[in-house]
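Residues are numbered in the numbering used here as their position in the sequence shown, beginning at 1, plus a constant of 1050. Step one of this worksheet: look at the structure below.
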Amino acid sequence: MAMKRLLIFFFALFVSFGASLSVAQAEPLGFRRVRATFALGLDCFDVIEGDFGNAADIGMAVYAETTLQLMGYLGLNLRIGSARAFTNKDFLPFDNGVQFIYLTFAPRAYVAPFRKMNLYFYIQPEISLNVFMSNTLVKITGNNGMSGGVGGAIGAQYIIGIVSISAQVFSDYHWKLESVMIGGGITVGISSPL
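Put into structure tokens, the structure is as follows:
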């Protein structure tokens, strides 16, 4: 039920965001050019639902992402990262955390409300694959070390010359674990029109 509500919320947000694109007349020069961005980032997250959420504490992730902005308003985002969260359960001796690597793919919709400033706002629905590496919570996650998730993010990207600074908040539902992960973070990287 939580997944259905989350999907409906992000679908409605994505549709309303897309409807606002037709009235955005104040885009900066060069906004509609194809642009590539490579960035490194840091996220903090918390799992808030289910047995996994009850056993895991706040975690942190480091990641690399690349974004290809096509025709201004649309883009694609690919992210790979490593995350670790401490746990309050001791299912395995000599370990007190859960560590996983993840791969996330997301289409992205942009809007640029300012003509003289390269500040873009975006929304993205996303799908992710998590692979558990070190896992105290094996009794909850099971022996299969993979988990999938769907969700979305909203954020802002500011470009100064070739430097890109982004901030975003996200929410993902992981169906195998029946848990919701929420979080946010920042990225810093380089961006250039192609």
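Every residue gets a Cβ at the ideal spot worked out from N, C-alpha and C, and that includes glycine.
8 Å Cβ cutoff met for residue i and residue j
| i | j | result |
| --- | --- | --- |
| Asn1104 | Glu1115 | no |
| Ser1214 | Ser1241 | yes |
| Ile1190 | Asp1101 | yes |
| Ile1253 | Phe1155 | Limits of the chain in this structure are 1051 at one end and 1244 at the other, which puts residue 1253 out of reach. |
| Ile1204 | Ile1173 | yes |
| Ala1111 | Ser1216 | no |
| Gln1207 | Gly1235 | no |
| Gly1198 | Pro1175 | no |
| Thr1237 | Gly1091 | yes |
Sequence-distant residues of the same chain with beta carbon closer than 6 Å to residue i, five excluded per side
| i | result |
| --- | --- |
| Leu1153 | Ile1130 and Leu1179 |
| Met1196 | Val1181 |
| Gln1119 | Arg1085 and Gly1125 |
| Arg1083 | Pro1243 |
| Tyr1170 | Tyr1160, Ala1162 and Gln1207 |
Integer Cβ distance of residue i from residue j, believed to fall under 8 Å
| i | j | result |
| --- | --- | --- |
| Met1277 | Phe1095 | In the structure displayed, the chain extends from 1051 to 1244; residue 1277 sits before or after that span and is not available. |
| Thr1087 | Thr1117 | 4 Å |
Of the residues the options, the one placed nearest residue i, counting alpha carbons only
| i | options | result |
| --- | --- | --- |
| Leu1244 | Pro1175, Gly1234 and Phe1081 | Phe1081 |
| Arg1158 | Phe1164, Asn1146, Gly1239 and Tyr1123 | Tyr1123 |
| Asn1193 | Asn1168, Met1167, Ile1098 and Lys1226 | Lys1226 |
Beta-bridge pairing of residue i - partner residues as DSSP gives them
| i | result |
| --- | --- |
| Glu1176 | Gly1201 |
| Val1084 | The partner list for Val1084 (beta bridge, DSSP) is empty, contrary to what the question assumes. |
Contact test: residue i Cβ vs the ligand ADP heavy atom, cutoff 7 Å
| i | result |
| --- | --- |
| Asp1107 | The ligand ADP is absent from the structure shown, which contains no ligands of any kind. |
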